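Scroll down for the structure; my scribbles are underneath it.
Numbering (my numbering), first residue to last: 329 to 664.
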């Protein structure tokens with residue numbers, strides 16, 4: 329590649345580049361004609377820099393001035409960095425999530441405005457709307473986040489929108505993905521995968537819940553479409569796989585991906601209650617997780633079905649992979 333070719337490549341700043349989504353996005357974007365400027369927090373970068381990939385350490389993610397320096401010459405920002413889960417035994421507060429997720433997002437947006445970046449693509453979360461719902465969540469569903477993480481993501485969206493008002497050189501779009509999964513990071517599907525490994529039938533036949541997931545390659549495809557698609561502008565969009573699935577259906581999908589069959593039965597209510605009670609006892613008294621305790625059962629029975637129709641229509645986009653294909657790629661690779 330010549331110097332002129334390198335100079336003409338669109339430059340993209342990627343935050344959270346060392347996370348699961350970030351590493352997959354970099355792998356996908358390399359060789360597509362982008363110059364990637366990726367941030368990291370560790371003392372040493374995770375890999376060597378090249379003409380297409382530059383690593384820059386960020387020490388203060390809340391500093392607008394620091395981001396302004398990093399954004400010189402940048403065309404697009406893909407903001408992935410976030411605190412999603414509790415770290416170790418430290419109990420995190422809503423303030424901790426706001427400090428990690430909302431405040432840096434505002435600093436990045438203000439810096440992007442100063443640097444005249446073309447577009448900021450923010451990866452929010454379905455949790456900014458809801459974490460559970462008995463009805464389908466779509467573009468008309470009012471935001472009612474119930475977790476500190478979800479509240480911080482919604483606040484980040486609002487701060488970005490506010491920071492980029494009153495000008496027309498820096499556009500923005502936010503994606504609200506459902507639970508993300510993929511090879512090396514099956515997410516909440518891992519709970520199901522562990523249960524499948526137990527050589528007994530699973531008592532999930534009566535579960536009528538529905539959940540939406542998002543295969544990592546589908547999300548990367550959606551992100552890339554946001555870079556230059558003018559019809560997705562200044563809006564928040566739900567992104568998910570086209571197919572939703574029940575817990576029983578998920579058991580069958582994961583088992584099939586592993587080349588297995590798994591029996592599912594519908595037990596009497598008292599039997600399931602007894603199984604859960606034993607699971608609770610094992611967890612609280614023996615520190616053994618059976619995967620079928622009160623907490624796990626609530627998660628396995630809960631619904632979070634989302635609709636991606638708005639983004640598909642505005643972006644003229646469709647997920648490249650079906651749910652079955654994503655699960656097959658996830659579990660064939662992790663179990664090989």
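Ideal Cβ positions, reconstructed from N, Cα and C, are used throughout, including at glycine.
Owing to the predicted nature of the structure, the values given are computational and were not obtained by experimental measurement.
Anticipated Cβ contact below 8 Å, residue i with residue j, distance rounded
i, j, result
"residue 459", "residue 632", "7 Å"
"residue 520", "residue 502", "At roughly 29 Å, the Cβ-Cβ gap does not stay under 8 Å, so residue 520 and residue 502 are not in contact."
"residue 634", "residue 540", "4 Å"
"residue 455", "residue 478", "3 Å"
"residue 651", "residue 571", "4 Å"
"residue 594", "residue 534", "5 Å"
"residue 395", "residue 345", "Wrong, their Cβ atoms sit about 15 Å apart, outside the cutoff."
"residue 546", "residue 649", "6 Å"
"residue 381", "residue 358", "7 Å"
"residue 465", "residue 566", "7 Å"
Residues near residue i in its chain [Cβ-Cβ closer than 6 Å; skip 5 each side]
i, result
"residue 373", "383"
"residue 480", "425, 426, 429, 430"
"residue 452", "481, 485, 502, 504"
"residue 390", "431, 432, 435"
"residue 555", "404"
"residue 467", "638"
"residue 509", "515, 517, 541, 658"
Where residue i sits in the DSSP three-state scheme
i, result
"residue 534", "coil"
"residue 636", "coil"
"residue 502", "strand"
"residue 395", "helix"
"residue 384", "strand"
"residue 368", "strand"
"residue 418", "coil"
"residue 557", "coil"
"residue 572", "strand"
"residue 526", "coil"
"residue 465", "strand"
"residue 348", "helix"
"residue 661", "Annotation note: pLDDT 42 at residue 661 (below 50); position unreliable, no value reported."
"residue 616", "coil"
"residue 330", "With a pLDDT of 48 at residue 330, under the threshold of 50, the modelled position of this residue cannot be trusted, and the question is left open."
"residue 471", "coil"
"residue 586", "coil"
"residue 645", "coil"
"residue 376", "coil"
Counted within 10 angstroms of its Cβ, other Cβ atoms place residue i as buried (16 or more) or exposed
i, result
"residue 500", "buried"
"residue 585", "buried"
"residue 645", "buried"
"residue 476", "buried"
"residue 343", "buried"
"residue 400", "exposed"
"residue 365", "buried"
"residue 490", "exposed"
"residue 447", "buried"
"residue 569", "buried"
"residue 483", "buried"
"residue 612", "exposed"
"residue 353", "buried"
"residue 292", "Residue numbering for the chain in the displayed model covers 329 to 664; residue 292 lies beyond these limits and cannot be assessed."
"residue 549", "buried"
"residue 494", "exposed"
"residue 654", "buried"
Strand pairing of residue i, partner residues [DSSP]
i, result
"residue 542", "508"
"residue 513", "510"
"residue 564", "502"
"residue 448", "405, 500"
"residue 363", "339"
"residue 592", "530"
Cβ shell of residue i (< 8 Å), same chain only, five flanking positions each side left out
i, result
"residue 610", "616, 617, 618, 621"
"residue 368", "345, 346, 374, 383, 384, 385, 386"
"residue 331", "For residue 331, the predicted model reports a pLDDT of 48, less than 50, meaning its position is unreliable; a value from the coordinates is still stated below. Answer for residue 331: no residue qualifies."
Check: residue i C-beta below 7 Å from any heavy atom of the ligand COA
i, result
"residue 557", "By its list of ligands, the structure shown contains no ligand whatsoever, and the ligand COA lies outside what it can speak to."
Close beta carbons around residue i, own chain, < 7 Å, minus the five adjacent residues each side
i, result
"residue 462", "631"
"residue 557", "643"
"residue 339", "363, 365, 401, 402, 403"
"residue 664", "Legend: pLDDT at residue 664 = 40, less than 50; position of this residue unreliable, no value from coordinates given."
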